[in-house]
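Take a look at the structure set out below.
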Amino acid sequence: MHNKETQIVETTLGQWLRFPNGFRKSSCLVELSNHISLNIDSKTGKVHVHKKDHNQVYQYLGEVFITASHSQIHCSTLQAHISDRSESLFTATHQISKIENVKSTEKGESA
Numbered sequence: 002m003h004n005k006e007t008q009i010v011e012t013t014l015g016q017w018l019r020f021p022n023g024f025r026k027s028s029c030l031v032e033l034s035n036h037i038s039l040n041i042d043s044k045t046g047k048v049h050v051h052k053k054d055h056n057q058v059y060q061y062l063g064e065v066f067i068t069a070s071h072s073q074i075h076c077s078t079l080q081a082h083i084s085d086r087s088e089s090l091f092t093a094t095h096q097i098s099k100i101e102n103v104k105s106t107e108k109g110e111s112a
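The sequence shown maps to residues 2 to 112 in this note's numbering.
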């Protein structure tokens, strides 16, 4: 039984998930097999992450923000707190050229 504090929202694939009433669907909502949903905002590039709780309601966990510049991918995350404040967990930069060099080295080729 669910109370009036929740709503059901349709995913991009036609599945129905339950969220708190404050939830607002963005450009693309998908559910992953591990009870995680991703609410992707194509305008801002943010991915809001939700996880199903013991009441089968998807609760906000935080967000991931991904950007790319030349051959670098930048990824930042924010984790939700009980008080709904967020803090940055980490910022990672990954250079695509490093992956190419590692693949060449693994194959025994010279760089």
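Quick reminder that beta carbons are idealized off the backbone N, C-alpha and C, glycines included.
Nothing here was measured: the structure is a model prediction, and the numbers come from that model.
Query	Result
Per-residue DSSP class, three states only, for V50	strand
Distance CB(T45)-CB(G63) smaller than 8 Å	no
Selected residue, minimal CA-CA separation from T12, among K47, H51, K5, N4	H51
Backbone secondary structure at T78 - three-state DSSP	strand
Limits of the beta strand (DSSP E) - the one that V58 falls within	Neither: V58 is in no beta strand (DSSP E) and is coded neither H nor E.
The beta strand (DSSP E) enclosing L39, as first and last residue numbers	37 to 41
As assigned by DSSP and simplified to three states, the class of Q8	strand
Separation of I9 from S27, as counted between CA atoms	14 Å
Residues near G15 in its chain [Cβ-Cβ closer than 7 Å; skip 5 each side]	none
Same chain, Cβ closer than 7 Å to H36, five either side skipped, listed in chain order	K52, K53
Residues near W17 by beta carbon distance below 8 Å, same chain, minus five either side	I9, V10, E11
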